[in-house]
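A short worksheet on the structure shown next.
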Amino acid sequence: MQVYRHRLITRIWHWVNALAVLVMIPSGLMIFNAHPRLYWGNYGANFDHAWLSLPRWPGWLTLPSTYDLAGARHWHLFFALVLAFSLLIYLLWSLANRHLQRDLRFRRDELSAAHLAGDLRAHWEMRFHDPEDPRAYNLFQKASYALVLFVLLPLLIFTGLALAPGMWPWLADLFGGRQSARSLHFIAMALLTGFVLVHLTLVILAGPVNEVRSMITGWWRSPEAEPGE
Amino acid sequence: MITRRGLIVTGGATLLAGCDAWSGSPVLLSAEEAHRYLQRSINGRAALAREFRPEQRSPRFRTNGTANPNTPEYNALAANRFADWRLQVGGLVARPLSLSLAQLRSLPQRAQITRHDCVEGWSAIGKWQGPRLETILRLAGLRDGARYIVFHCADAFGQRRIPYYESIDLVDAFHPQTILAWAMNDAPLGIGHGAPLRLRVERQLGYKHAKYVMRIEAVASLAGIGRGKGGFWEDIAGYEWYGGI
Numbered sequence: 001m002q003v004y005r006h007r008l009i010t011r012i013w014h015w016v017n018a019l020a021v022l023v024m025i026p027s028g029l030m031i032f033n034a035h036p037r038l039y040w041g042n043y044g045a046n047f048d049h050a051w052l053s054l055p056r057w058p059g060w061l062t063l064p065s066t067y068d069l070a071g072a073r074h075w076h077l078f079f080a081l082v083l084a085f086s087l088l089i090y091l092l093w094s095l096a097n098r099h100l101q102r103d104l105r106f107r108r109d110e111l112s113a114a115h116l117a118g119d120l121r122a123h124w125e126m127r128f129h130d131p132e133d134p135r136a137y138n139l140f141q142k143a144s145y146a147l148v149l150f151v152l153l154p155l156l157i158f159t160g161l162a163l164a165p166g167m168w169p170w171l172a173d174l175f176g177g178r179q180s181a182r183s184l185h186f187i188a189m190a191l192l193t194g195f196v197l198v199h200l201t202l203v204i205l206a207g208p209v210n211e212v213r214s215m216i217t218g219w220w221r222s223p224e225a226e227p228g229e
Numbered sequence: 230m231i232t233r234r235g236l237i238v239t240g241g242a243t244l245l246a247g248c249d250a251w252s253g254s255p256v257l258l259s260a261e262e263a264h265r266y267l268q269r270s271i272n273g274r275a276a277l278a279r280e281f282r283p284e285q286r287s288p289r290f291r292t293n294g295t296a297n298p299n300t301p302e303y304n305a306l307a308a309n310r311f312a313d314w315r316l317q318v319g320g321l322v323a324r325p326l327s328l329s330l331a332q333l334r335s336l337p338q339r340a341q342i343t344r345h346d347c348v349e350g351w352s353a354i355g356k357w358q359g360p361r362l363e364t365i366l367r368l369a370g371l372r373d374g375a376r377y378i379v380f381h382c383a384d385a386f387g388q389r390r391i392p393y394y395e396s397i398d399l400v401d402a403f404h405p406q407t408i409l410a411w412a413m414n415d416a417p418l419g420i421g422h423g424a425p426l427r428l429r430v431e432r433q434l435g436y437k438h439a440k441y442v443m444r445i446e447a448v449a450s451l452a453g454i455g456r457g458k459g460g461f462w463e464d465i466a467g468y469e470w471y472g473g474i
């Protein structure tokens with residue numbers, strides 16, 4: 001049985017956003033390498049107390065792969081626009097076509113302890129789809145997608161904007177100062193990286209061909225239809 | 230045999246090398262213009278950078294870039310506490326000026342406690358005082374066609390000893406917080422921070438705040454100055470000319 005799982009706008013945004021994230025994280029790590037220390041507050045430099053001080057990220061994790069702050073900024077500042085505006089368009093579109101309300105909204109019965117335990121057990125047993133309604137997202141899927149769409153990506157965008165000295169000054173204030181915004185930008189990046197790793201792992205566990213195909217064509221094959229896959 | 234893993238590793242390495250080469254592509258560089266347009270549209274051309282209270286200043290404000298120009302000419306000026314130093318104002322102006330520190334101090338002053346944001350990511354907060362750049366440009370009188378203000382500095386940076394310079398457009402030149410600071414934290418500017426005079430252009434990154442300013446030039450175009458990209462780091466490393474991002 002084939003179900004139409006992802007609409008065109010969802011698929012386009014998914015891949016545009018995937019590319020943007022794939023550029024933003026390594027170029028961001030290169031920018032971080034220019035001053036690999038994080039602070040809380042309005043100011044923070046070498047003589048101030050850093051809550052986190054890391055060694056520089058290796059070249060295979062950064063973009064460009066050798067030290068190049070200017071080049072990393074070119075990548076980061078271009079794809080920042082891609083990331084922000086594609087998210088804005090996608091969220092507005094998904095409100096209009098009711099994707100958010102229909103697919104990401106938590107239902108009251110899902111939030112019961114019994115349901116949560118059941119979902120957890122299903123994940124543990126690698127049953128990722130409700131055979132009754134294979135199109136629907138399960139609770140953990142909804143929660144993680146909502147976290148990325150409504151918390152992590154907006155937080156990354158707004159903390160990033162707060163770092164720009166030419167931007168609204170109140171934006172840095174909102175996050176407790178520019179250096180706090182920089183720390184939050186880094187923490188949100190780390191959480192997003194965690195999401196990407198879990199997401200990719202689950203795609204592989206759930207059947208990578210079927211999952212990737214559904215994000216390209218929109219059509220997803222229900223596991224019951226193809227027991228061999 | 231071509232394995233999937235081999236393909237991924239080789240492909241990945243090729244992709245990475247390709248990405249390095251694309252770092253200066255015109256497509257990526259177009260973002261600078263987009264950010265400048267967006268910032269000035271939504272934030273406003275005259276919007277002020279955040280100013281802080283005295284107790285919010287950094288306990289210790291680190292220096293960056295040149296710590297001391299250390300040329301014979303500069304050392305001679307410094308030895309005499311810059312009494313013989315003059316700020317030259319020229320280019321597309323009606324009345325070229327030559328101003329002493331005493332004259333700059335006698336002009337209307339602006340003091341501001343602002344955050345200095347380095348392109349590397351760190352920030353430091355300090356108090357800066359000096360005349361507004363606008364005051365000096367009005368004294369000199371910009372001629373028609375002047376579009377940029379260029380700051381020529383006493384220091385030559387790096388092993389190749391290339392002279393430092395910077396430039397801003399008239400939007401930032403006439404911004405109320407754009408000052409020529411001769412004082413920092415209520416004391417004459419130290420050599421590490423650009424004595425006797427440095428530019429403060431508060432809505433841009435640190436490399437735009439030219440230190441050791443010797444000469445101000447109003448120009449119609451940035452072509453022909455340095456390598457034509459409007460500043461030392463813009464020429465050498467490819468930093469954005471618009472440092473508001």
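Just so you know, the sequences run in chain order H and D.
Here the first sequence is numbered in the numbering used here, starting from 1 and rising by one per residue.
Here the second sequence is numbered in the numbering used here, starting from 230 and rising by one per residue.
Idealized CB from N, CA, C, for every residue including glycine.
As summarised for the region 365-441 of chain D, the continuous alpha helix (DSSP H) elements at least 4 residues long and confined to that stretch are 399-402, given in chain order. The three-state reading of DSSP puts H:E132 in coil, since its state is none of H, G, I, E or B. Nearest Cα to H:A80 within the set H:V21, H:A206 and H:L174: H:V21. Annotated three-state conformation of D:P360 is strand, per DSSP.
Minimum Cα-Cα distance from D:S450 among the listed residues D:F461, D:Q341, D:I397 and D:P360 corresponds to D:I397.
Secondary structure within the region 12-61 of chain H: not one fully enclosed alpha helix (DSSP H) run of 4 or more consecutive residues is present. Using beta-carbon distances, D:I271 counts as an interface residue toward chain H, with a partner under 9 Å.
The beta carbon of D:Q341 sits no closer than 9 Å to any beta carbon of chain H.
The straight-line gap separating the alpha-carbon atoms of D:A466 and D:W351 is approximately 19 Å.
Close to D:S252, with beta-carbon spacing below 7 Å, are these residues of chain H in chain order: P64, D68, G71, H74 and W75.
The beta carbon of H:R182 falls within 9 Å of a beta carbon belonging to chain D, placing the residue at that interface. Beyond the five residues adjoining it in sequence on each side, H:M189 comes within less than 7 Å, by CB distance, of I25, G28 and L156 in the same chain, given in chain order. Within a 10 Å sphere around the beta-carbon of D:L428 sit 16 or more other beta-carbons, which makes this residue buried.
Residue-level contact check: D:R427 does not touch chain H, since none of the beta carbons of chain H fall below 9 Å from its beta carbon.
Exposed is the label assigned to H:I204, since fewer than 16 other Cβ atoms lie within 10 Å of its Cβ.
In summary, D:G359 is buried, with 16 or more beta-carbon neighbours lying within 10 Å of its beta-carbon over all protein chains present. When DSSP states are grouped into helix, strand and coil, D:W470 belongs to the coil group.
Going by DSSP, H:L92 is part of the alpha helix (DSSP H) stretching over L69 to A96. D:A439 and H:H199 have their C-alpha atoms spaced approximately 47 Å apart. Straight-line measurement puts the Cα of H:G177 at about 11 Å from the Cα of D:Q285. D:G473 reaches chain H at A164, P165 and G166, counting residues in chain order whose Cβ is nearer than 7 Å.
Taking a C-beta cut-off of 8 Å against chain D, the contacting residues of the region 40-57 of chain H are N42, Y43, G44, A45, N46, F47 and D48, listed in chain order. Cβ-Cβ separation between H:G166 and D:I342: approximately 19 Å, too far for a contact (criterion under 8 Å). Separation of the CB atoms of D:A424 and D:A307 is rounded to 7 Å, and the pair is thereby assigned contact status at 8 Å.
Beyond the five residues adjoining it in sequence on each side, H:W75 comes within less than 7 Å, by CB distance, of V23, S27 and L63 in the same chain, given in chain order. Per DSSP, D:V256 is one residue of the alpha helix (DSSP H) stretching across P255 to I271.
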